[in-house]
Structure formats: structure tokens, C-alpha cells
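J.: For the sequence shown, the working numbering begins at 22 and goes up steadily by one.
The C-beta atom is built at its ideal place from N, Cα and C for all residues, glycine as well.
This structure is a prediction, so every number in the text was calculated from the model and none was measured.
I'd like to ask some things about the structure below.
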Amino acid sequence: MSKIFVTGHKSPDTDSVCAAIAYANLLKQTGHDAVAICAGDLNKETKYVLDHFGFTHPQAVSHFSQVLGPDDKVVLVDHNESKQIIDGYKSMNMCGVIDHHRIGDFETDGPVFIRMEPVGCTNTILTKLYIENNQEIPKNIAGLMLSAIISDTVLFRSPTCTETDKEMAH
Ligand code: MN
Ligand code: MN
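Here's what the structure looks like:
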């Protein structure tokens, strides 16, 4: 069975790491084999959040060849521009992008699941995806997701914060 690796961007922030874990969990709850990885060393805030909610730190990967088998796929969360993607992305099989940033220069070989919304945080979109898929969010995952929304919207004060972010945080 092929595995789906979910990753955020280089210089990972709390949203990108928590989004990778939250989406990998949603994929697992819906019958896929998925694992979260991260594109570099975790910052202090992210470490605090993961430790607080009892998560082990996802594997830091600098080149996709370190983890990807020939049948494995990749989902990008919280980024889409090539300069932010883990090295070696040209040879990988991208199957999804979930993001809240401008669309950059990414290109794929095959069809891709894409979900982009102009909201303040990727975890806001992921909360909607859990709801749309009738999936319950486990308490510790919800903790990560709320932390990411608070972090990315600077406690709902950033100019990018929307009503949707507040609703999903609630
Ligand atoms: Mn980010
Ligand atoms: Mn973000």
C-alpha cells in the first residue's frame, strides 16, 4: 500500500507542522496510510505545542529521497511555492495541496486535490475538511489545530484573520 507523506514548508512554523499532523490524522481516519513529516527543525513555539498535547516531533526531512518510496505520494500543507518545498520535489508524486497563501509556481505531473481559501490559517481549512468529511477531531489534535489558528492569526488580530478563522477556532 502506498503511503501519503504530509508536509509543511521549509523553516516550519506552528501552522505548517500542526497542519501536517492534523491532515495526516484525517487521512488515517478515512482509511489511508499517512504520516506527517516536517521540512526542518521545529521552532520553540511549535515544540511547546507538540509537547503540551503529547505528540512526538515529526521526522525532519531535507530531501524527499530520504523517506519516499516509488509508490508514495505527498500532500503539501501551508505552502505551494517551489522554493518552500522540501528538496527533491520534482521527482515526487504530489497528490494534494491545502493552503491559504498566494498561488506560486508549483507544477504537477498528475491530477491533484487542491483546497485553497483566503483565510488566516491552514488549520482553519482543515477544521472545515473534518466537518465536511463527518470526522470527529480527537481532543489532542483539536488542541494542535487551535494553537495553530491562534499562532497564525496572532490571537485573531492579524489583518489576514477572517470570521471563518474565528468560527473554526470556536
Ligand atoms: Mn506557515
Ligand atoms: Mn499558515
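Please return the same chain residues whose Cβ sits closer than 7 Å to the Cβ of K187, not counting the five positions on each side in sequence.
T.: Stepping through the sequence shown from its first residue, residue 187 is reached at position 166. Cβ within range, chain order: F177.
J.: Below 7 Å, is the gap between the Cβ of S37 and the nearest heavy atom of ligand 1?
T.: In the sequence shown, residue 37 corresponds to position 16, counting from 1. Yes, Cβ of S37 sits closer than 7 Å to a heavy atom of ligand 1.
J.: Does ligand 3 have even one heavy atom less than 7 Å from the beta-carbon of C116?
T.: No copy of ligand 3 appears in this structure; the ligands present are ligand 1 and ligand 2.
J.: Does the beta-carbon of D34, which I'm using as the reference point, lie nearer than 7 Å to any heavy atom of ligand 1?
T.: Stepping through the sequence shown from its first residue, residue 34 is reached at position 13. Within the cutoff, so yes.
J.: Going by DSSP, what residue range makes up the alpha helix (DSSP H) through C39?
T.: Taking the sequence shown and counting its residues from 1, one reaches residue 39 at position 18. Element bounds for C39: 35 to 50.
J.: For G117, does the three-state DSSP call read helix, strand or coil?
T.: Taking the sequence shown and counting its residues from 1, one reaches residue 117 at position 96. Strand.
J.: Does the beta-carbon of D99, which I'm using as the reference point, lie nearer than 7 Å to any heavy atom of ligand 1?
T.: The residue labelled residue 99 in the question sits at position 78 within the sequence shown. Checking every heavy atom of ligand 1 against the Cβ of D99, one is found closer than 7 Å.
J.: By alpha-carbon positions, which one of I25, K49, F76, S23 ends up nearest to V38?
T.: Along the sequence shown, read from residue 1 onward, the residue named residue 38 stands at position 17. Comparing Cα positions, the closest option is F76.
J.: Around the Cβ of N101, are there at least 16 other Cβ atoms within 10 angstroms (buried) or fewer (exposed)?
T.: Your numbering for residue 101 matches position 80 in the sequence shown. Result: buried.
J.: Run through DSSP, which three-state label would Q105 get?
T.: The sequence position of residue 105 within the sequence shown is 84, counting from 1. If DSSP states are grouped into helix, strand and coil, Q105 belongs with the helices.
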